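Numbering (full-length UniProt numbering), first residue to last: 1 to 296. For glycine and all other residues, C-beta sits at the position ideal for the given N, C-alpha and C. Owing to the predicted nature of the structure, the values given are computational and were not obtained by experimental measurement. The next block holds one structure in the form of structure tokens; read it before the comments.
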């Protein structure tokens, strides 16, 4: 369905403002962001306690309502009701831009569906702040966010990302950074260049640059503090699927195994075999995992 909304349109409905908040240094709060928080009827905050300190600092008295990952579905109908009644709402996360590894996207989608204007404000963002100072190629880049917490799942996801030639950006918590670096060394190799950024915009802002092997060694001998942005250089020579010798008369499962033997993940191998045989990916997937046999 084609829709069109704009910030200047005349409507009885209110507006949803997406307001970035500082990722560390409170001086990064823009005058427009402060003015918006002052003029809206309600602030939907990821953590009302954290936002209360921010509001107190800038002398903003607008009331708050909690809006986080655990109450999203419960809150959205109430917030939509207020917006449709003409109230304006500002949505904020604890730090940075709403929706970027933080709550927000569900409310935005609901407003878009209801044709309620969504007005984004520019402001602090940890990923881009780290990228421009990293020394790695700034474009193109791929923002991934948080990897799965379990090493097995991390490795599986990183294997799929190993084909990327662009700079990759991840977020990671201090208590998991060591395990994540170990997974990256396993998949990307110890020589791939990486930049760790922590305490961005704060007094003890720090950039650690080197190979994955060097940075992993640092992490093993350091008391880790601070949230991290992890930037990994792209793969200049990604694995190539050598399909010229692939026998397409073989069963799909055998073809997948042959492609995997060239160093490709099973997911990518299934995709490639489906492409070469001009069949749906699900057909090859079921054949490789013997799902059709289990139903017989």
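Residue state for residue 48 is assigned as helix, using DSSP reduced to three classes.
No Cβ-Cβ contact shorter than 9 Å links residue 14 with residue 127. Across the set 291, 278, 124, 233, the C-alpha of 124 shows the shortest separation from the C-alpha of residue 23. DSSP places residue 197 inside the beta strand (DSSP E), whose first and last residues are 193-198. With contacts defined by Cβ atoms closer than 9 Å, residue 46 and residue 88 do not form a contacting pair. Separation of the CB atoms of residue 20 and residue 121 is rounded to 6 Å, and the pair is thereby assigned contact status at 8 Å. Here the alpha carbon of residue 168 sits roughly 12 Å from the alpha carbon of residue 146. Distance from the CA of residue 160 to the CA of residue 265, rounded to the nearest whole angstrom, comes to 7 Å. Under the criterion of beta carbons closer than 8 Å, residue 16 and residue 119 qualify as touching, at roughly 7 Å. When C-alpha distances from residue 215 are compared across 226, 192, 204, 203, the shortest belongs to 192. Straight across, the Cα-Cα distance linking residue 268 with residue 246 is about 15 Å. For residue 64, the enclosing beta strand (DSSP E) has its first and last residue at 64-66. Beta-bridge partners of residue 79 (DSSP): none assigned. Sixteen is the threshold: when 16 or more other Cβ atoms of the shown chains lie within 10 Å of the Cβ of residue 116, as they do, the residue is buried. Distance from the CA of residue 218 to the CA of residue 225, rounded to the nearest whole angstrom, comes to 13 Å.
Counting along the chain, residue 184 sits inside the alpha helix (DSSP H) bounded by residues 177-188.
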